[in-house]
């Protein structure tokens, strides 16, 4: 296919889109990326079966599985380890596809290497982003931050929550919505993480702590452990908004979790064992009126629906965006029709997840348990917070995000065949 497609952003969404377009016969692809080296630091992410199904169709799952952990269980607990809710995940829950806990940098490196192999190294242009977009009679013209011009038939903004393309499309919208909390993240190699298959989310009603394994080195029996700690931050943060890579000291942070314990794992020690800690003021964006201009510019991933990091849906929904847009462009030769179909397919559903994540999504069980534990001190938690209520919260979010066996275990609607 001869359409010239300019992808702004070489992160998970942009690289997945390049691979999905390439698989569907698009050959004129250019990726602009802010980073000159196209490398990302950062900690871990979870890819839900909804995403790993699409990555399998792109021929990536075999490369990613050895670099990750197949998550088998998610446990929600109180700060002192009292179990609130537990559910199996991935193949352990009967899904045909795994839930992968993986280092963001390992995922990104695999996507990047595959893009170079399939699309060619010349498809990548590092150290730049879009500064302006102009429309000519036959082209849409992107002007980058180095004043270079890139002519295209379609521009895709996959440039993250601080999207320059979104700002061009919607200059009057507030770029980021700030939440009164900061997330701190880190990772380290440890001697093991319980059963090396489980994720824990704990809280006391104010602070939360998330921890899970990302990889296991079988030669040394050591485990790459990822953690995140969310703390209230009522005053405006002095950290850069929308930037995951701001380094901070672990010492003061660790003290806030001094008495916490999760099945014998101590969050305070986990934080202290991390060589580097990153701060991220919690931000998202308001649901947009549209994800495109309807003609030649469209947004995907965090550029379209940057959401709070709840329920492992950020990267997952970005990957689904990428294959959905590629499919629409391949099937509907009219770009405007393809963009309209993509928005119809994805926009309402994903914006519902954005809104749910502002209310803590399934993690709200931690806050509810803490509140009822304080107010009903004489009642066992199982009585104060009945099983049926906890089940309803988990089931409703699974339905909302399309992570159910009835949806995931059938062929993807975006599955591509060249025949």
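Residue numbers (this note's numbering): 36 to 454.
From the three backbone atoms N, C-alpha and C, an ideal C-beta is built for every residue, glycine too.
Just so you know, these numbers come straight off a predicted model, no measurement behind them.
Check, Outcome
"Contact between the region 80-92 and the region 345-356 (3+ Cβ pairs under 8 Å)", "yes"
"Distance, residue 136 Cα to residue 251 Cα", "11 Å"
"Residue 449 (DSSP reduced to helix, strand or coil)", "coil"
"Check whether residue 67 and residue 163 have beta carbons under 7 Å apart", "yes"
"Distance, residue 424 Cα to residue 418 Cα", "11 Å"
"Simplified DSSP assignment, three categories, for residue 182", "coil"
"Cβ-Cβ distance between residue 51 and residue 190 below 7 Å", "no"
"Whole beta strand (DSSP E) elements within the region 76-147, 3-residue minimum", "79-82, 108-113, 118-123 and 135-138"
"Simplified DSSP state of residue 316, which is helix, strand or coil", "strand"
"Through-space distance from residue 248 to residue 109, alpha-carbon basis", "12 Å"
"Local Cβ density within 10 Å of residue 45, reported as buried at 16 or more and exposed below that", "buried"
"Cβ-based burial, residue 97 [other Cβ within 10 Å; buried from 16]", "exposed"
"Unbroken alpha helix (DSSP H) run spanning residue 478, endpoints", "Absent from the structure is residue 478, since the part of the chain shown begins at 36 and ends at 454."
"Rounded separation between residue 232 and residue 155 - CA only", "36 Å"
"Cβ-Cβ separation, residue 297 to residue 237 (assumed contact under 8 Å), whole Å", "5 Å"
"Local conformation of residue 324 per DSSP, three classes", "coil"
"Residue 479 (DSSP reduced to helix, strand or coil)", "Outside the shown range of the chain (36 to 454) lies residue 479, about which nothing can therefore be said."
"Residue interval of the alpha helix (DSSP H) (run including residue 377)", "370-393"
"Strand pairing of residue 54, partner residues [DSSP]", "Partner(s): none; residue 54 has no beta bridge."
"Reference residue 390, options 321, 201 and 86, closest by Cα", "321"
"Residue 176 versus residue 182: straight-line alpha-carbon distance, rounded", "11 Å"
"Straight-line Cα distance separating residue 216 from residue 381", "28 Å"
"Residue span of the alpha helix (DSSP H) that contains residue 290, given as start and end", "285-290"
"For residue 351, the first and last residue of its enclosing alpha helix (DSSP H)", "349-366"
"Bounding residues of the beta strand (DSSP E) (the contiguous stretch that carries residue 168)", "165-170"
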